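Before any comments, here is the structure.
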Amino acid sequence: MIQVRALTKSIDTGTHRVEILKGIDLEIPKGQFAAIMGPSGSGKSTLLGLLAGLDFPTSGQVLLDGEDITRLNEDEMAVLRGRKIGFVFQSYHLIPTLTAEENVLLPMELAGTDSGGRERARELLERVGLIGRCDHYPVQLSGGEQQRVALARAFALRPPILLADEPTGNLDTATGRIVLDLLLALNREQGATMVLVTHEQTLAESADRRIVLRDGLIVSQ
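At position 99 of the sequence shown the residue is numbered 307 (this note's numbering), and the sequence of numbers has no breaks.
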């Protein structure tokens, strides 16, 4: 489902060049849950951003379901993301002026597939235990509740690929465990290929596979 070939990413600071990724080769088969670990500055979030097409590599290829996304322009990539990728971020990224239900409904409206979307949104909010909070705005929800809304939104279009960047990073241990269990259950139910960036060993132990980065290179998997 995901293939990465000789992937590099560097940035020019004006005085020198910083190499963030130094030639990553990686394959993640359909349905696998892979956790990416490593110290701060190892390139984890950069790699995830490149898998999502949110940034362009300096060199190399990223193929999602056989399609080389490094050859796509920004409009084409936006269409592909809408069809194939769900996101869960550490900071939730909910729209503050939309209710929980409207936040979950939004990807379906943007994709033009909102027929039956309200039922789908409510089904997912019920699945994450928030059916009674449909009409609440993000400011009226706790951090754990906001992340559960974000989970529901990520699965709204049944994406074949789910990318998660420190999804429990802003939550206490107990709430983080609830969110992780929901994430794993939803992922199993829908059979998505999941790549999750985390610092937490206990979270990574739930994965099928652990990939460790250090200094822009894969050092173990």
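Note that the Cβ used here is the ideal one computed from N, Cα and C, for glycine as well.
Everything numeric in this text was worked out from a predicted model, so none of it was measured.
For residue i, does the count of other Cβ atoms within 10 angstroms reach 16, so buried, or fall short, so exposed?
i, result
"residue 323", "exposed"
"residue 355", "buried"
"residue 353", "buried"
"residue 303", "exposed"
"residue 284", "exposed"
"residue 318", "exposed"
"residue 410", "exposed"
"residue 325", "buried"
"residue 232", "buried"
Helix, strand or coil for residue i per DSSP?
i, result
"residue 223", "coil"
"residue 373", "strand"
"residue 250", "coil"
"residue 306", "coil"
Below 6 Å CB to CB, which residues in the same chain sit around residue i once its five sequence neighbours on both sides are set aside?
i, result
"residue 420", "245, 246, 427, 428"
"residue 276", "269"
Taking 9 Å as the threshold (C-beta atoms), are residue j and residue i in contact?
i, j, result
"residue 342", "residue 307", "yes"
"residue 294", "residue 242", "no"
"residue 372", "residue 296", "yes"
"residue 254", "residue 236", "no"
"residue 412", "residue 404", "yes"
Among the residues of its own chain, which have a CB less than 7 Å from the CB of residue i, if the five just before and after it don't count?
i, result
"residue 399", "239"
"residue 311", "302, 303, 357, 361"
For residue i, which residues of its own chain have a beta-carbon under 8 Å away from its beta-carbon, when the five flanking residues on both sides are left out?
i, result
"residue 414", "241, 243, 388, 392"
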